[in-house]
Structures are given as structure tokens and as C-alpha cells.
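Here's the structure we're looking at; comments come further down.
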Amino acid sequence: MDILLTLVTGVLVAGASYLMMAGTLVRFLLGLVLISNAVNLIIFVSGRLTYAGPPLIDSASKTVAEGAANSLPQALILTAIVIGFGLFAFTLALSLRAYSQLGTDAADEMREAEPEDRT
Amino acid sequence: MSLLRFLPAVLSALLFVAFANQYPVIARGDVLTVAWDWLPTLGVELAFRLDGLSLLFALLITGIGAVILSYAADYFKTDPRRDRLQILLGLFALSMLGLVLSDDAISLFLFWEGTTLTSFLLVGFDHHRDVARRNAVQALIITGLGGLALLIGLITMHQITGSWRMSDWNAAGFTDHAAYPMILLAVLIGCFTKSAQFPFHYWLPNAMAAPTPVSAYLHSATMVKAGIYLLLRLNPALGGTELWTMALVTCGGITMILGSLWALRQTDLKLMMAYTTLMALGALTLLIGLGSDKALMAAIVFILVHALYKAALFLSVGMMDKQVGTRDLRHIHGMGKSMPLAWACAALGALSMAGIPPLIGFLGKELIYTATLGHSLWVSGVALAANVMMVMTAIAVAWGPFVGRASHAQAKPMSVGLWWGTLVMGLLALILGSLPSLIDSSLVQPILAAVTGREQSVYLSLWHGINGPLVLSVATYALGFVLYRFMPRIRATLSDIEARYGEMDNLYQWKLDSLHRVAGATTRSLQNGRMTFYLRVTFGMLSLILWAALLDSPIRWPEQGLALTWIDLIVGLLAVVGTWIVVRTESRLIAISALGIVGAAVSIVFVMFGAIDVAMTQLLVDTLMVIFIAVALVRLPRVKLSRLTNRVAGFIAITLGAGVSVAMLAVLQVPMHLELTEFFGQNSLTEALGRNVVNVILVDFRAMDTLGEIAVVVIAALAAIAALKSKPEHKSV
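Chains as they are written, first to last, in this note's numbering: chain A, 1 to 119; chain B, 1 to 733.
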């Protein structure tokens with residue numbers, strides 16, 4: 001399964017980067033969501049997969065049971081999901097604003113800061 | 001008028017006295033050293049060493065410094081920028097002192113750069129003038145690049161000897177080392193740029209954009225001699241080879257001829273002086289290149305000779321400029337009566353420059369002829385030609401402007417600060433020239449010992465009987481006086497040549513412009529304002545780096561992974577097919593739905609492998625994202641998504657995706673370290689009283705991290721609100 005997941009992650013990264021390079025706001029946003037998922041999978045798989053229970057301490061013991069899932073990557077992914085969400089929300093707002101301000105959906109036509117004819 | 005303006009001059013004079021106080025010690029042949037640790041781990045020290053050579057330069061820097069600072073005080077008597085000028089001059093003087101006193105090469109280099117920087121600020125002193133700014137930058141670029149080359153040479157010598165002390169280098173010597181040509185080249189570039197040798201000479205005349213006191217001090221008496229100083233200083237370590245002689249004699253000779261010839265071409269007296277400085281620097285380089293004891297002795301004496309007469313001449317030109325308002329020799333004549341002091345100063349300087357006995361210039365010229373005659377006829381010819389032109393220049397500067405019918409009205413009397421020092425220097429040239437025994441064994445001898453590394457007695461006198469040098473001297477005067485009559489014609493011819501072939505300065509400007517063009521073209525092509533291009537470069541580089549790292553080590557297929565079940569396959573297929581649909585679809589609604597499928601598949605993976613909290617968050621966030629996009633699409637353009645067919649982007653995306661997969665496979669084969677996980681598992685309950693380890697990590701062990709994360713989300717939310725709510729700006733045209 002872990003080998004399958006590395007391949008799936010590769011597909012996600014390829015699809016996400018392809019979408020982001022397409023040059024329209026909508027596709028860029030779709031790519032951003034995909035690449036967040038891909039990165040989370042990378043962290044998760046790198047922390048090794050086990051079909052074990054979650055890292056919880058049951059009421060009888062004082063430490064986590066042997067063989068429970070790796071807790072550290074999970075904590076990191078939780079942080080990453082939230083940050084990714086913040087980034088996505090901001091990018092989305094920015095895209096909407098850019099569209100209403102510049103009247104185009106094509107990223108290459110947004111040239112306020114770096115106009116074509118500058119010398 | 002406050003006398004406080006003379007304070008810097010007084011300080012410099014005090015330093016002069018302090019150094020002069022060491023004169024008897026050095027004259028005995030002793031060397032004073034002092035050192036403090038600076039960067040002990042790198043072996044860098046603040047090591048200073050006072051021997052004959054350092055003492056000569058220290059006396060010149062502080063002595064002429066006192067004269068210049070007092071001159072500047074009255075030259076800028078009423079100018080509000082006087083303080084700035086004096087502070088910069090003071091900083092320069094300190095850097096220059098540090099340069100000639102350092103034994104440690106790193107300190108030397110820092111002081112070297114200090115003089116470059118202060119020179120830049122002083123050349124650009126009249127910063128409201130374009131030409132001053134341009135020439136300041138030119139001086140900075142040329143001497144700065146030379147400094148970098150020098151640093152390469154210094155570091156190489158350090159690596160060979162393991163010491164930063166130049167005295168150690170001189171004891172070791174590098175002439176037999178394999179790296180010698182490289183070291184020599186680096187050091188020579190440093191010295192030639194600093195001392196304005198051909199082919200780097202052209203910055204020096206341009207540096208005359210500086211006020212006259214600056215030109216007299218930095219660009220004739222002291223800073224431009226830094227390269228000469230270093231050549232002399234490293235002579236025992238690097239000198240004496242064929243390569244050394246060839247490089248120095250060639251460049252020095254060319255500089256000498258170019259300088260003296262172009263001096264004749266000038267009508268601006270100050271520029272004329274600048275070119276004669278080139279001649280003097282060329283002569284010094286040539287003499288050091290010849291390398292015989294006689295030549296080195298001539299070089300040492302000529303440093304003193306030139307410093308005295310050139311500073312005096314520069315300052316006289318400055319007086320004329322100040323009193324009359326022009327420096328053009330075609331427009332000044334007959335001012336001798338109204339400016340007797342300026343005339344006296346200029347005459348003393350010019351007599352010394354022309355090498356008339358009993359001024360010290362005569363001594364210098366005799367020594368040069370002795371040295372060149374000891375080498376070869378053609379070098380003597382070069383020296384003769386240059387000296388003839390020096391005689392012509394001397395007449396032009398000290399005769400033309402002062403005799404004949406007065407061109408300007410009675411000049412106002414000069415402030416004492418302007419003339420006292422100049423006159424002292426002129427008189428010094430006369431006294432030392434008449435009584436050379438004052439300096440021969442006490443100053444020139446220890447310097448020669450420092451430069452050659454051998455003790456030998458030095459005896460100077462004016463009269464050596466009728467010999468080769470004296471015959472050449474007489475020929476010099478005669479030719480100079482005769483050719484002076486043809487000065488206007490020579491000047492016209494030289495102007496023609498200049499107009500036809502252009503100057504080295506144009507070449508510099510062309511190189512600089514080309515650099516700007518290349519930089520502009522590079523920027524325009526790399527930063528072209530197209531986001532797709534930026535993203536391609538970013539993803540492409542990422543892929544390249546990934547593959548470079550992966551291909552560096554052999555790639556192996558993992559020997560065993562977790563078993564594959566039907567559920568696994570279905571989940572994997574969901575994610576892959578979902579991604580495929582998102583990429584390929586032309587309908588926005590289908591794209592969003594497929595995106596939801598991918599998110600759900602990832603959530604299932606989390607559930608399967610014991611990450612319940614993550615799965616819950618993922619599902620929640622994924623749902624929110626899909627809703628957000630759906631809402632946003634209402635406001636985004638209603639155009640259909642066109643089918644994507646970009647091959648370049650596709651290639652980059654596929655290599656990147658494959659790279660990520662292979663990298664993850666490689667990661668899975670590395671042994672896992674679980675120390676942190678074990679620590680959290682064991683201490684979660686006992687230390688932080690929580691049974692859900694993931695939660696405890698987030699809110700306890702890594703609480704600050706989570707706080708930062710919350711802050712990021714809040715800031716993102718605020719920014720999003722700002723982006724959505726603010727009124728649209730109108731496009732500025």
C-alpha cells in the first residue's frame with residue numbers, strides 16, 4: 001500500500017503543478033488544493049504507515065501502546081492542513097479581487113506591476 | 001573666523017612629529033612592531049610594523065596631510081561643506097596610515113579598501129555635478145575590482161605560507177612556487193589599478209573632478225602611491241624575476257610616455273598636473289621593475305621628490321584657480337606681480353619637476369638615469385623622452401601664467417593657510433636637494449634595506465663629476481627648452497590624434513554600457529511579468545534539483561512494502577481518477593466535484609492508518625474548500641475551461657510528479673528514527689496530562705508553533721477581508 005501511495009502522490013503532484021502552470025485563476029486554485037493534499041500525503045507516508053490504532057493512551061496505561069500509529073507526522077499534517085486552508089482562502093480572495101480589478105482570468109495578462117513595454 | 005578649522009591640520013602635524021620622533025630609531029636600522037589578536041581562530045591580527053619604508057610614507061601622509069588640511073581649511077573658508085571635506089580627508093589619512101603600517105595582510109587589505117572608499121566619496125564631493133558622480137563611480141569600480149584581485153593574491157600567499165604577515169612572506173619568497181604567476185598577476189592588477197598604471201590609468205585624470213586639495217593629497221601624493229608602496233613592500237617576496245621585470249617595465253614605461261605626452265596636450269593646468277602624476281607613477285613602476293639596487297634607490301628618492309613637487313604644484317594651481325577663477329593656461333598670463341607667493345611656490349615645484357640643481361628633483365632624475373643606463377639604452381631613451389616632456393610641462397605651468405601682460409586684475413591677498421605649507425614643501429625640495437646627506441644614510445638606507453632585504457650603505461650627493469647621467473640631464477634641459485617653443489603645435493597634433501583614435505575612457509564607457517545592456521536584457525527575459533513562466537521555472541528547477549539528488553545515489557525498488565488489498569486499490573484509483581478529471585475536464589462543476597473526490601480519498605487514507613484527527617480535519621477543510629470555490633465561481637468569469645494542451649508544462653509536471661514518487665520510495669528505504677515519537681508517547685500523559693498524543697503535541701509540546709499557525713490564519717483572514725471588501729481602485733494611467 002505504501003508503494004501505491006507514493007505513485008498516487010506523484011500523480012497528484014503532476015496534476016497539481018500542471019493545473020497551476022495553466023495560467024488561469026480557476027485552474028490555479030484547483031491546483032493549489034491538489035498540491036496541499038499531495039504534500040500532506042508526502043508527510044504522512046514518510047512517517048511510515050501502520051495498520052495500527054491511533055496514538056491514544058487508554059485509561060489503564062500511562063504510555064502509548066506498542067505499535068500505535070506515528071503521532072508526530074499527524075501533528076505536522078494537522079498544522080499543514082490549517083495553514084494550507086488559510087493560504088487557499090487568501091489566494092481565493094486575491095483571485096476574486098484581481099478579476100474584478102483587472103477584468104481578466106488569465107494570469108499572464110495581469111501586468112500592472114511589470115508592464116510589457118518597460119525598458 | 002574661528003581658528004578651529006585648523007584643528008585637523010594640527011592633529012596631523014602632531015602625528016607627523018610623533019613619527020619624526022621615531023626617525024633616529026629607524027635610522028639605526030631598527031624595526032618597531034606591535035600586534036594584537038583580532039580573529040585568533042583565523043590567525044588574523046592587528047599587526048603593525050614601522051620600518052624605513054613605512055616611515056617614509058607615514059611622514060608623507062601626516063606631513064603633507066597637515067599642509068593639505070590647513071590648505072583645505074582656507075580653500076573652503078566660507079563653504080558649509082568644509083567640515084565634511086575635512087572629516088573625509090581625515091578618514092582617508094587614517095586609512096592610508098593603517099595601510100602603510102600594517103604587517104598583517106588582512107588589515108592591509110581593509111585599509112586599502114578604506115582608501116578606495118574615501119577616494120570615491122572625495123572624487124564625488126561635488127555630488128551635484130554629473131561628471132563628478134560618474135568619475136567617482138569609475139574610480140571606485142576600477143580600484144575596487146583591483147582590490148578584489150589583490151585579495152586573491154593575498155589569500156593565495158597565506159595558503160602557501162600559513163601566515164598573514166607580510167614580513168613572513170618576504171622571508172619565504174614565492175618566486176619558485178608553482179602558483180607564482182597567478183599570485184603575481186593578482187597582486188599586479190591590484191597595484192596597477194590603485195596606482196593608475198596602463199591599461200588602468202584613465203581613472204586618474206578623471207578623478208580630477210575632486211576639489212584641488214583632494215587631488216593634491218589623494219591623487220598625487222599618497223593614495224595613488226599605495227600600489228607603488230605594495231610593490232616595494234612585496235619586492236623581496238615577488239620581485240626579481242623576468243616576469244616581474246617584464247610586466248613592470250612595460251606597463252610603467254607605457255604609463256610614463258602616455259602620461260608625459262598627454263600632459264602636453266592639456267590646457268587645464270590641473271589636468272596637466274594629473275597627467276604628470278601618471279608619468280611619475282609610471283617611472284616608479286618602471287624603476288621597481290628594473291629591480292637593481294640603484295633602480296630601487298632611485299624609486300625611493302623619487303617618491304619623496306614627486307610628493308614634494310607635485311603637491312606644491314597642485315596647490316599653486318589651486319591658488320590660481322581660487323584667485324583668478326580659471327585654470328586654463330591659454331587665459332592666464334602675467335599674474336606673477338599680483339601673486340608673488342603663488343609664483344614662488346609654483347616655481348620651486350616646477351624647478352624640482354624639471355630636475356634643475358640644486359633642487360631634490362635633480363637628484364631624483366640623476367638617480368633615474370643612473371638606473372636606466374645600468375639596464376639598457378632603450379629604457380634610458382624612454383626616461384629621456386618623458387623627462388624632456390616634464391621640462392616642457394614645468395615651463396608651461398611656472399612660466400606661462402606668471403610672465404607677460406597681466407590677464408586679470410589685481411588678485412586679492414591670499415589667506416595664510418593657503419600658502420604656508422606649499423612654500424614649506426617647495427623650500428624642503430630645495431633644502432633636501434642641496435643637502436642630500438640629511439636623508440641618505442638615515443632614511444633612504446633603512447628603506448632600501450626593507451625593500452631589498454639586505455643592509456647596504458647609501459650615499460647621495462649632487463655632484464658626481466661629468467658622467468652619463470649628467471650628460472643626459474643637460475640633454476634633457478636643452479631639448480625641453482627648444483621643444484617648448486613648439487608647444488602649441490604639439491598640442492594641436494595631440495588633439496588631432498585624440499579626436500581620431502578616442503580615449504581609453506570611451507572603452508570603459510562602452511564596457512559599462514554593455515554590462516547595463518546585458519543586465520537589462522537578462523532581467524527582461526527572466527522577470528518578464530508572466531506568471532506561467534515563473535511557475536514553469538520554479539517547478540522545473542524543483543524537478544531538476546530533485547532528480548539531481550536522486551540520480552546521485554542508486555535507485556532501488558523497495559524490497560517489501562505493505563500488502564495491497566482491494567480497498568487500497570479502490571482508494572488509490574479514486575485519487576488518481578479524480579486528479580485526472582480535474583485536469584482534463586472543461587466543466588467547472590465537474591472539476592469541483594472531482595476535487596472533492598480526491599480530498600475524500602486522502603481522508604480515507606488517513607482513517608486507514610490510524611490518523612483519526614487528521615481525517616476529520618481533512619474532511620472538514622476539504623468540504624469548506626469545495627464550498628468556497630463553488631461560491632467564488634459565481635463571481636469568476638463564466639467562460640468554459642479550455643482543454644489544456646501545453647506540452648512543455650506537461651513535461652515539467654510529469655517529471656516533477658515522477659521525481660516526487662521516486663524520492664518517496666527512496667525515503668521509505670531509509671531507516672526510521674522514532675526517538676521523538678517515543679518521547680511524545682511516553683510523556684504525553686505524565687507531563688502534559690493528555691491521552692490523545694496528537695492533540696497534546698499540538699497544544700502543549702509544540703504550543704508556540706500552533707500559536708503562530710493561528711496568527712497566520714487570522715492574518716490571512718484579515719487580508720482576505722481587505723481584498724474582498726475594499727473599493728476597487730481606478731487604474732492609474
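Cβ atoms here follow ideal geometry from the backbone N, Cα and C, with glycine treated the same way.
Taking 8 Å as the CB threshold, Arg530/B lines the interface with chain A. Around the CB of Glu112/A, fewer than 16 other CB atoms lie within 10 Å, so the residue is classed as exposed. Residues of the same chain with a CB within less than 7 Å of the CB of Ala350/B, apart from the 5 flanking positions on each side, are Leu313, Ala394, Val397, Ala398 in chain order.
A residue is called buried once 16 or more other Cβ atoms fall within 10 Å of its Cβ, and Trp378/B, having fewer, is exposed.
For Ala371/B, DSSP records no beta bridge to any residue. For the stretch 657 to 680 of chain B, the residues whose beta carbon sits under 9 Å from a beta carbon of chain A are, in order, Gly657, Ala658, Gly659, Val660, Ser661, Val662, Ala663, Met664, Leu665, Val667, Leu668, Met672, Leu674, Leu676, Thr677, Glu678, Phe680. For the 8 Å CB-CB criterion, Gly65/B and Glu113/B do not form a contact. Cβ proximity to chain A below 8 Å picks out Phe539, Pro558, Gly561, Leu562, Ala563, Leu564, Thr565, Asp568, Leu569 from the stretch 538 to 569 of chain B. Annotation: the continuous alpha helix (DSSP H) that includes Trp112/B extends over 105 to 123. Contiguous beta strand (DSSP E) elements confined to the stretch 201 to 273 of chain B do not occur, taking only those with 3 or more residues. In the three-state scheme derived from DSSP, where H, G and I count as helix and E and B as strand, Leu435/B is classed as coil. Rounded to whole angstroms, Leu99/B and Leu269/B show a C-alpha spacing of 31 Å.
Under the Cβ distance rule, Ser684/B counts among the residues neighbouring chain A, one pair being separated by less than 8 Å. A straight-line Cα-Cα distance of about 24 Å links Ala307/B and Phe48/B.
Look at the beta carbons and you see the stretch 441 to 450 of chain B not touching the stretch 316 to 331 of chain B: under three pairs across the two are nearer than 8 Å.
Residues of chain A with a Cβ closer than 9 Å to the Cβ of Gln159/B do not exist, since the nearest Cβ in that chain sits about 43 Å away.
When C-beta atoms of the stretch 89 to 98 of chain B are compared with those of the stretch 112 to 128 of chain B, three or more pairs fall below 8 Å, so the two segments count as touching.
Comparing alpha-carbon positions, the option among Trp203/B, Tyr229/B, Asn235/B lying closest to Thr175/B turns out to be Asn235/B.
Identification of chain B residues near Ala93/A by a Cβ-Cβ cut-off of 7 Å yields Ala720, Ala723, Leu724, ordered along the chain.
Looking at the backbone, the Cα of Arg97/A and that of Glu687/B are separated by about 48 Å.
Contact check between the stretch 641 to 653 of chain B and the stretch 16 to 32 of chain A: three or more CB pairs, one atom from each, fall below 8 Å, which counts as touching.
The Cβ atoms of Leu261/B and Met389/B sit closer than 8 Å to each other. Residues of the stretch 582 to 601 of chain B with a C-beta atom less than 7 Å from some C-beta of chain A are Val582, Val583, Arg588, Ala591, Leu595, Val598, Gly599, listed in chain order.
Nearest C-alpha to Pro181/B among Met664/B, Met157/B, Ser54/B: Met157/B.
Secondary structure of Thr33/B (DSSP, three-state): strand.
If you check the CB distance, Val598/B and Phe606/B do not come in under 8 Å.
Contact note: Glu709/B reaches chain A through Thr79, Val82, Ile83, using a C-beta cutoff of 7 Å and chain order.
By the Cβ-count criterion, Thr9/A is buried, with 16 or more other Cβ atoms from all chains shown falling within 10 Å of its own Cβ. Under the 8 Å Cβ criterion, the stretch 516 to 524 of chain B does not count as touching the stretch 425 to 432 of chain B, having fewer than three qualifying pairs. DSSP, reduced to helix, strand and coil, places Phe16/B within a helical segment of the structure shown. The Cβ of Val214/B sits no closer than 8 Å to any Cβ of chain A. Asp105/A is classed as buried because its beta carbon has at least 16 other beta carbons within 10 Å across all chains shown. Counting only residues of its own chain and dropping the five nearest sequence neighbours on each side, Ala295/B has a CB closer than 6 Å to the CB of Leu287, Ala371.
Restricting attention to Glu109/A, Val64/A, Ser46/A, Leu41/A, the CA atom closest to the CA of Phe679/B is found in Val64/A. Per DSSP, reduced to three states, the secondary structure at Phe48/B is strand.
Pairing Met414/B with Lys310/B, the inter-Cα distance amounts to about 20 Å.
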